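Notes follow once the structure below has been shown.
2 protein chains.
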Amino acid sequence: MQKVRDGKGWWEPFDHLLIATGAVPLCPDVPGADARGIYGLSTLESGIQLRQRLDADKPQQAVIVGGGYIGMEMAEGLILRGLTVSLVEKEPQVMNTLDPDMAAFVSEKLRKVGVNLYLEESLEGFEVSDGQVRAVATDKRTLPAELVILGMGVRPNSTLAADAGIPLGEKGAIRVNERMQTEIQGVWAAGDCVQSYHLVSRRPFYVALGTVANKQGRVAGINLGGGYATFPGVVGTAVTKICELEVARTGLQEKEVQRLGLEYVIAKIEGRTRSGYYPGSGRIIVKVLAEKGSGRLLGGQIVGDAGAAKRIDVLATALHAGFTVEEMINLDLSYAPPFSPAWDPVLIAARKAAGLV
Amino acid sequence: MQKVRDGKGWWEPFDHLLIATGAVPLCPDVPGADARGIYGLSTLESGIQLRQRLDADKPQQAVIVGGGYIGMEMAEGLILRGLTVSLVEKEPQVMNTLDPDMAAFVSEKLRKVGVNLYLEESLEGFEVSDGQVRAVATDKRTLPAELVILGMGVRPNSTLAADAGIPLGEKGAIRVNERMQTEIQGVWAAGDCVQSYHLVSRRPFYVALGTVANKQGRVAGINLGGGYATFPGVVGTAVTKICELEVARTGLQEKEVQRLGLEYVIAKIEGRTRSGYYPGSGRIIVKVLAEKGSGRLLGGQIVGDAGAAKRIDVLATALHAGFTVEEMINLDLSYAPPFSPAWDPVLIAARKAAGLV
C-alpha cells in the first residue's frame with residue numbers, strides 16, 4: 000500500500016495514483032513581473048480576469064511577450080477589440096515551431112493587421128507605479144503598456160512527481176510508457192506533465208497541447224479502470240489562425256531534422272484552396288520535408304486562406320503511416336471545385352518532393 | 000510497327016499509342032430524347048450551350064433526371080438562378096454512392112432549398128413539340144419542363160479499344176496494369192476509359208472522376224516518355240456540395256461491403272466542425288465502417304456544414320495506409336477552436352467503431 004500526503008498533512012492510501020498536474024507558464028525573472036495588469040493566461044480564471052479588465056477599464060495599449068500560439072491568438076483577440084498591440088519576441092521569428100520562411104508569412108500578416116512586431120528583442124523588465132504595470136522594457140526600447148500578456152510557453156508541472164522520486168525526462172516531464180505508467184509501480188501520469196514519444200524523430204518529445212493531453216487521459220483512464228489501451232506517440236501537429244491567416248504544422252521542422260543529422264529535401268509550393276475559377280478560392284502555401292534517399296515524409300507546414308490549414312491532417316496521417324512522398328502522390332483525396340483543385344496542394348507538394356529525393 | 004487508321008482512312012504508324020477516349024454520358028432510350036432543350040452536360044460545349052439558353056430565354060421550369068453528382072450540382076446551380084427545379088431518380092435515394100441513411104440528409108437539404116424530389120420514379124419519355132422538349136414523363140406523373148438535364152452517369156468510351164481487340168474489364172472499361180499499359184504491347188490507356196483497382200475491396204473498379212483521370216494521365220505520360228511510374232489504385236473518394244450542405248465519401252459503402260461478404264460494424268456520430276463555443280461551429284455527421292474482428296477501416300461518409308467534407312481526406316489516407324479503427328484513435332490531428340473540437344469528429348467516429356469491432 001502506497002500513500003500520498005495532501006498539503007495539510009493527511010495521508011491518503013492508494014492502489015493506483017494518477018498524476019495530472021499539467022503545466023505551469025514560464026514567468027520572466029525580471030523586475031515588476033508581479034505587477035497588476037500582467038496576465039499569464041494559463042488558467043480559466045486568468046482569462047476571465049483579463050476579460051473583465053478589458054470590459055471595465057477599456058485599456059488601449061497592450062504588449063504581448065512571446066510570439067507563440069498564445070501570443071498570436073491574443074494578438075488577434077486584442078486587435079479585434081480595437082487595442083494597440085505590440086508583440087515582443089526574443090527570437091528572429093514568431094512561431095518557432097515553423098521554419099523561418101513559413102513564419103515570415105505570419106509576421107507579414109501580423110504587421111498587416113496592425114501589430115507592432117519587435118523581433119530579436121529581449122524582455123528586461125516592467126515599469127510599475129501604484130502596483131500597476133505601465134510599460135515593458137526590452138533591450139532596445141520601452142513600450143507603454145496598460146496590460147501585458149505573457150505567452151512565453153510552459154514547463155511540465157512535475158515537482159510533485161520529482162519529489163516522490165519518479166523519473167523525469169525531456170524538459171523535466173514525467174517519463175511514462177505507452178500505457179501512461181510512470182516508472183514507479185501503481186503511479187500513472189497523463190497530460191501536459193508527461194513526456195511524449197515523437198513518432199517521426201523516434202525520440203522523447205515534450206508537447207503541451209489539449210488534444211494530446213485529452214487522448215493521453217483517455218488511455219490512462221482505460222488502464223486505471225482495468226482495461227488496456229496505449230498512446231503510441233505524437234507527430235507534432237498544431238494549428239492556429241491569425242485573423243484570416245491559417246497556419247498549421249506537423250512532423251519535424253528543418254532545425255529538428257538538422258539536429259537529427261538527417262539529409263533532407265524541401266518542396267514548397269503555392270496553390271489554391273479551391274479550383275482557381277471557383278468563388279472563394281484562396282492562397283495556400285505548402286512546405287514538405289522528406290528524407291533524402293528514402294523519400295520518407297518528415298514534416299509539413301501550411302499557411303494560407305480559409306480552408307488551408309486543416310489539410311495538415313493529411314500530412315499528419317501520412318506521418319503516422321510512415322509514407323514516402325512517392326507513396327503520397329497518388330493518394331485518392333477528394334476533389335470538387337468548391338473544395339480543392341484536381342490535385343490537392345498537399346499532393347502537389349509531395350509530388351515536387353518526390354522529384355527531389 | 001503497329002498502325003492506327005483515322006476516320007478518313009489514313010494509317011498512322013506508332014511505337015506507342017495512348018487511348019484517352021474518356022467516357023460517354025448514358026442516354027435514355029425513350030421517345031423524344033433527341034429534342035432541343037435536353038442537355039447531357041458531358042462536354043464544355045454542352046455547358047456553354049446550356050448557359051446561353053439560360054441567359055437568352057430565361058426558362059423557369061427545369062427537370063433533372065438522375066440524382067448523382069451532376070444532378071446535385073445542377074440542382075444547386077439552377078435553384079440559385081431562381082428556376083423551379085424537379086429531380087427524378089429511379090432509386091429510392093439520391094447519391095447511390097452514399098448509404099441510404101446518409102443520402103437522406105441530402106434529400107432533406109434538396110427539399111429544403113426547394114427542389115421537387117421524385118424518388119423511385121422511372122423516366123418513360125419526353126413530350127416534345129416543334130422539336131423542343133415540353134415535359135418529362137415518369138411512370139407516375141408528367142412534369143412540365145422548359146429544359147432537362149440528364150445526369151444519368153457515364154460509361155467508358157472503349158469502343159475503339161474493343162474494336163482493336165484490347166481486353167475490357169469492369170463495366171466495359173479498358174483493362175490496364177499499374178503503369179497504364181493495356182494488354183496489347185505498345186498500347187496505353189488512361190482516364191475515364193480505363194478500369195481502376197480498388198485498394199479496399201482489392202477488386203477491379205470503374206470510376207470516372209477528374210482527379211483519378213488526372214493522376215493516371217501523369218503516370219501514363221511518365222511511362223510513355225521512357226520513365227517509370229505506377230498508379231496503384233483508388234479508394235473511391237468523392238466530394239460535392241448541395242447549397243450549404245457538404246457531402247463526401249470514401250472507401251466502401253454498406254452495400255459494397257455486403258456484396259464482398261465481409262462482416263462489419265457501423266459507427267455514426269454527430270459532432271461539430273469547430274469547438275462548440277466558437278463562432279461558425281456547424282454540424283457534422285461522420286459514418287465509419289470497419290471490418291468486424293480485424294477492425295480494418297472499410298469506408299467513411301460525411302455530411303455537414305462548411306468545413307465538414309474535406310475531413311474525408313483523413314479517412315482516405317487511412318484507407319491507403321490500411322489502418323484499423325483502433326490505430327486511428329490516436330492520430331495526431333490538428334486542433335484549435337476555429338478548426339475542430341479537441342477530438343476531431345473523424346476520430347470520434349473511429350473511436351466508436353473501435354469499441355464495436
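Protein chains in written order, with numbering that gives the first Met the number 0: chain A, 0 to 356; chain B, 0 to 356. All residues carry an ideal CB built from backbone N, CA and C; glycine is no exception. Please read all numbers here as calculations on a predicted model, not as lab measurements.
If you drop the 5 nearest sequence neighbours on each side, which residues of the same chain put their C-beta closer than 7 angstroms to that of residue i?
i: Ser-45(A); result: Tyr-38 and Gly-39
i: Ala-32(A); result: Cys-26 and Phe-125
i: Glu-169(B); result: Gln-194, Pro-203, Phe-204 and Tyr-205
i: Ala-353(A); result: Gly-294, Val-324, Glu-325 and Ile-328
i: Gly-36(B); result: Gln-131, Val-132, Glu-145, Leu-146 and Val-147
i: Arg-201(B); result: none
What is the C-beta distance between residue i and residue j, in whole angstroms, given that I count them as a contact (C-beta under 8 angstroms)?
i: Ala-61(A); j: Leu-82(A); result: 5 angstroms
i: Pro-166(A); j: Glu-182(A); result: 5 angstroms
i: Glu-120(B); j: Lys-89(B); result: 7 angstroms
i: Gly-70(B); j: Gly-150(B); result: 4 angstroms
i: Val-153(A); j: Ala-172(A); result: Their Cβ separation, rounded to whole angstroms, is 11 angstroms, which puts Val-153(A) and Ala-172(A) out of contact at 8 angstroms.
i: Leu-415(A); j: Val-105(A); result: Since the first and last residues shown for chain A are 0 and 356, residue 415(A) lies out of range.
i: Thr-249(B); j: Gly-299(B); result: 6 angstroms
i: Thr-316(B); j: Arg-295(B); result: Rounded, the Cβ-Cβ distance is 15 angstroms, inconsistent with contact.
i: Leu-314(B); j: Val-199(B); result: Not quite, the Cβ-Cβ distance comes to about 11 angstroms (not below 8 angstroms), so this is no contact.
i: Arg-350(B); j: Ile-328(B); result: 5 angstroms
i: Ala-134(A); j: Pro-143(A); result: 5 angstroms
i: Ala-266(B); j: Leu-122(B); result: About 37 angstroms; that fails the 8 angstroms criterion.
i: Ala-161(B); j: Gly-190(B); result: Contact doesn't hold; Cβ gap of about 16 angstroms is too wide.
i: Ala-219(A); j: Thr-96(A); result: At roughly 26 angstroms, the Cβ-Cβ gap does not stay under 8 angstroms, so Ala-219(A) and Thr-96(A) are not in contact.
i: Thr-42(B); j: Asn-156(B); result: Their Cβ separation, rounded to whole angstroms, is 12 angstroms, which puts Thr-42(B) and Asn-156(B) out of contact at 8 angstroms.
i: Val-233(A); j: Asp-331(B); result: 5 angstroms
i: Pro-58(A); j: Arg-50(A); result: Not really, about 12 angstroms apart at Cβ, beyond 8 angstroms.
i: Ala-22(A); j: Ala-207(A); result: 5 angstroms
Which residues in the same chain have their Cβ closer than 6 angstroms to the Cβ of residue i, if we skip the five residues on either side of it in sequence?
i: Glu-427(A); result: Residue 427(A) is absent from the model: chain A starts at 0 and stops at 356.
i: Pro-99(B); result: Gln-92
i: Glu-269(A); result: Ile-284
i: Tyr-276(A); result: none
i: Thr-239(A); result: Tyr-68, Met-71 and Val-246
i: Gly-306(A); result: Thr-272
i: Cys-242(A); result: Glu-75 and Val-112
i: Ile-148(A); result: Tyr-38, Ile-63 and Met-73
i: Pro-344(A); result: Gly-270, Ile-283 and Val-285
Run through DSSP, which three-state label would residue i get?
i: Pro-12(B); result: strand
i: Gly-281(A); result: coil
i: Pro-344(B); result: helix
i: Ser-121(B); result: coil
i: Gly-270(B); result: strand
i: Ala-237(A); result: strand
i: Gln-48(A); result: helix
i: Val-246(B); result: strand
i: Ala-22(B); result: strand
i: Leu-17(A); result: strand
i: Val-135(A); result: strand
i: Ala-61(B); result: strand
i: Leu-116(B); result: strand
Looking only at its own chain, which residues have a Cβ that is under 8 angstroms from the Cβ of residue i, when we skip the five neighbours before and after it?
i: Ala-341(A); result: Ser-274 and Tyr-334
i: Pro-336(B); result: Arg-273, Ser-274, Tyr-276 and Tyr-277
i: Gly-281(B); result: Arg-271, Thr-272, Arg-273, Gly-303, Asp-304, Ala-305, Gly-306 and Ala-307
i: Leu-223(A); result: His-15, Leu-17 and Trp-187
i: Arg-217(B); result: Ala-228
Should residue i go down as buried or exposed, given a rule of 16 or more other Cβ atoms within 10 Å for buried?
i: Gln-252(B); result: buried
i: Asn-115(B); result: exposed
i: Gly-130(B); result: exposed
i: Asp-28(B); result: exposed
i: Pro-30(A); result: exposed
i: Gly-65(A); result: buried
i: Lys-108(B); result: buried
i: Glu-11(A); result: exposed
i: Thr-210(A); result: buried
i: Tyr-227(B); result: exposed
i: Gln-215(A); result: buried
i: Asp-56(A); result: exposed
i: Asp-54(A); result: exposed
Tell me the start and end of each unbroken beta strand (DSSP E) in the region 289 to 340 of chain A that is at least 3 residues and wholly inside, in chain order.
Counting only runs of 3 or more, we get 296 to 303.
List, from N- to C-terminal side, the beta strand (DSSP E) runs of 3 residues or more that fit wholly inside the region 65 to 105 of chain B.
83 to 88
Ordered list of beta strand (DSSP E) runs contained in the region 143 to 219 of chain A, each at least 3 residues
146 to 149, 153 to 155, 186 to 188, 195 to 197 and 202 to 204
Looking at chain C, which residues of the region 140 to 160 of chain B have a Cβ within less than 9 angstroms of any of its Cβ atoms?
In the structure shown, chain C does not exist; the protein chains are A and B.
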